[in-house]
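166 is the number of the first residue of the sequence shown in this note's numbering; add one for each residue after it.
No residue lacks a Cβ here, since even glycine has one placed at the ideal position from N, Cα and C.
Bear in mind the structure is a predicted one, so any value in this text is a computation, not a measurement.
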Amino acid sequence: MRMKNNYHTHLKYCNHATGVTEDYVCEAIKLGFNEIAITDHAPIPVDFMTKKEYKDNYCTENMKLEFVPKYLKEIKESKELHKNEIKVLSGFETEFVYDREAFYKFLREQVDFLNLGVHFFKNKKGHIIDCYNYLSYKNLEEYKDTCIKAMETGFFNTLVHPDMFFYGYKNKDGENIFDDLCIKVSREIIEAAIKNNVYLEINCNNIKKEDVAKDMNLWKYPRKEFWLIAKEYKDLKIIVGCDAHAPERLSGFHVDAIYKFIDELGLNVLEKMEINH
Ligand SMILES: [Zn+2]
Ligand SMILES: [Zn+2]
166 MRMKNNYHTH LKYCNHATGV TEDYVCEAIK LGFNEIAITD HAPIPVDFMT KKEYKDNYCT
226 ENMKLEFVPK YLKEIKESKE LHKNEIKVLS GFETEFVYDR EAFYKFLREQ VDFLNLGVHF
286 FKNKKGHIID CYNYLSYKNL EEYKDTCIKA METGFFNTLV HPDMFFYGYK NKDGENIFDD
346 LCIKVSREII EAAIKNNVYL EINCNNIKKE DVAKDMNLWK YPRKEFWLIA KEYKDLKIIV
406 GCDAHAPERL SGFHVDAIYK FIDELGLNVL EKMEINH
């Protein structure tokens, strides 16, 4: 297997994945990995938004705040137990809400590093917008601004699935096309990643079916157009992330398809992630 390190892994504690740390670590050892990071979805405090926004943005599909100490203890135990076989890192995948920096600082202090995963953002009117269902030409810049503002805080080592904005993106005519605005936003995200020394991740998890894996033109993310722009930037640091939500998703047709994608596009991907933040 070509992948040797994976820095994006979920556990059952987020309520939409299966398995505990040991399941993933043992699977990673079997696969011959050198490093694995456990990065489950961090808790989102309820006072970050209205009750309706909390529900509409799937915020209960994240770890509960009270569970954090147990989560950290579990990772620490696996780290110790397997120290001669594999390097186990602790992390979170977190959202970013403006004016709540103290919370992200708190999260950063608990673990080895943080992944930034922007699944929703606060728009100029102060409303929380779900990226999967409500991204359009009207608010794509606000998604981008959230990514950049978060990277500038220095709390995040990697921006995972930066191109996820294309998933439900709609232009003026309601079409899902990678248009000039998508190109502009992609460039700004990539340039901010370089400036702030943040890795961008090519994410494997959205390839759910084997027939989809065969045709990269069907993929919403990773999106070919985004990564072809990224290729122009020689200083950009790119890594691959499984984003596994089940132990068996640490390998398989989806990961193989991603490496094929990387080769076909001629992308330069880093095997090992350094902790820079
Ligand atoms: Zn998830
Ligand atoms: Zn994830």
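**Residue from Lys396, Pro412, Asn382 whose Cα sits closest to the Cα of Glu422** = Sequence index remark: in the sequence shown, residue 422 carries index 257 (1-based). Checking the sequence, you will find Ala at residue 422 rather than Glu. If we check each option's Cα against that of Ala422, Asn382 comes out closest.
**Asked** Between Ile251 and Ala193, is the Cβ-Cβ spacing less than 8 Å?
**Response** In the sequence shown, the residue the question calls residue 251 occupies position 86. In the sequence shown, the residue the question calls residue 193 occupies position 28. In contact: Ile251 and Ala193 (Cβ atoms closer than 8 Å).
**Request:** Consult DSSP for Val325 and reduce its assignment to one of helix, strand or coil.
**Result:** For the purposes of this step, residue 325 is identified with residue 160 of the sequence shown, where counting begins at 1. Looking at Val325 - three-state DSSP - the assignment turns out to be coil, as it is neither helix nor strand.
**Message:** Would Glu390 and Val350 qualify as a contact pair, given that the criterion is a beta-carbon distance under 8 Å?
**Reply:** Numbered from 1 along the sequence shown, position 225 holds the residue referred to as residue 390. Numbered from 1 along the sequence shown, position 185 holds the residue referred to as residue 350. The beta carbons of Glu390 and Val350 sit no closer together than 8 Å.
**Prompt:** I think Met228 touches Tyr219, with their Cβ atoms under 8 Å apart; what is that distance to the nearest whole Å?
**Reply:** Taking the first residue of the sequence shown as 1, we reach residue 228 at position 63. Taking the first residue of the sequence shown as 1, we reach residue 219 at position 54. Contact doesn't hold; Cβ gap of about 15 Å is too wide.
**Item:** Stretch pair the stretch 396-411 + the stretch 363-376: three plus CB contacts closer than 8 Å
**Value:** The count of Cβ pairs closer than 8 Å, one atom from the stretch 396-411 and one from the stretch 363-376, reaches three, so the stretches are in contact.
**Request:** Classify Thr204 as helix, strand or coil using the three-state DSSP reduction.
**Result:** Here the question's residue 204 lines up with position 39 in the sequence shown. Strand, per DSSP.
**Request:** Under 6 Å Cβ to Cβ from Lys238, same chain only, skipping five residues before and after it: list those, please.
**Result:** As a first step, residue 238 is located in the sequence shown; it is residue number 73 there, counting from the start. Sequence-distant partners of Lys238 (beyond 5 residues in either direction) whose C-beta falls short of 6 Å from its own C-beta are missing from its chain.
**Asked** Going by DSSP, what residues sit across from Lys289 in a beta bridge?
**Response** As a working note, residue 289 is residue 124 in the sequence shown. Looking at the DSSP output, Lys289 sits in no beta bridge, so it has no partner there.
**Request:** Tell me whether Ala207 counts as near ligand 1, meaning its Cβ is closer than 7 Å to at least one heavy atom of that ligand.
**Result:** The residue you call residue 207 lines up with position 42 of the sequence shown. Relative to ligand 1, even the nearest heavy atom lies 7 Å or more away from the CB of Ala207.
**Gly291 beta carbon near ligand 2 (any heavy atom closer than 7 Å)** = Sequence index remark: in the sequence shown, residue 291 carries index 126 (1-based). Gly291 Cβ: outside cutoff for every heavy atom of ligand 2.
**Request:** Counting only the same chain and skipping the five closest in sequence on each side, list residues whose C-beta sits under 8 Å from that of Leu451.
**Result:** Since the displayed the chain opens at 166 and closes at 442, residue 451 lies outside it and no answer follows.
**Message:** Buried or exposed for Pro210, going by 16 or more other Cβ atoms inside 10 Å?
**Reply:** In the sequence shown, residue 210 corresponds to position 45, counting from 1. An exposed status is given to Pro210, since fewer than 16 other beta-carbon atoms sit within 10 Å of its beta-carbon.
**Asked** Using the rule of at least 16 other Cβ atoms within 10 Å of the residue's Cβ for burial, across every protein chain shown, is Ile294 buried or exposed?
**Response** Within the sequence shown, residue 294 is the residue found at index 129, counting from 1. By the 10 Å Cβ count, Ile294 comes out buried.
**Item:** Three-state secondary structure (DSSP) of Thr259
**Value:** Here residue 259 corresponds to residue number 94 of the sequence shown, with the count starting at 1. Assignment of Thr259 by DSSP, reduced to helix, strand and coil, places it in the strand class.
**Message:** Is Cys179 close to ligand 1? I mean its beta-carbon at under 7 Å from any heavy atom of the ligand.
**Reply:** Walking along the sequence shown from the start, residue 179 turns up at place 14. Yes; taking the cut-off as 7 Å, the Cβ of Cys179 has a heavy atom of ligand 1 nearer than that.
**Rounded Cβ spacing between Lys287 and Tyr263 (contact assumed at less than 8 Å)** = Against the sequence shown, residue 287 aligns to sequence position 122. Against the sequence shown, residue 263 aligns to sequence position 98. 5 Å between Cβ atoms; contact.
**Item:** For Ala267 and His173, the rounded distance between their alpha carbons
**Value:** To locate residue 173, count along the sequence shown from 1; it is residue 8. To locate residue 267, count along the sequence shown from 1; it is residue 102. Take the alpha-carbon of His173 and the one of Ala267: they are about 23 Å apart.
**Prompt:** Near ligand 2, which residues have their beta-carbon closer than 5 Å to a heavy atom?
**Reply:** Ordered along the chain, residues surrounding ligand 2 are Glu258, Asp408 [Cβ under 5 Å from any heavy atom].
**Asked** Are the Cβ atoms of Asn322 and Phe261 separated by less than 8 Å?
**Response** One-based indexing of the sequence shown puts residue 322 at position 157. One-based indexing of the sequence shown puts residue 261 at position 96. No; because the gap between Cβ atoms is not below 8 Å, this pair is not in contact.
**Message:** Does the distance between the C-beta of His173 and the nearest non-hydrogen atom of ligand 1 fall short of 7 Å?
**Reply:** On the sequence shown, position 8 is the one that residue 173 refers to. No; taking the cut-off as 7 Å, the Cβ of His173 has no heavy atom of ligand 1 nearer than that.
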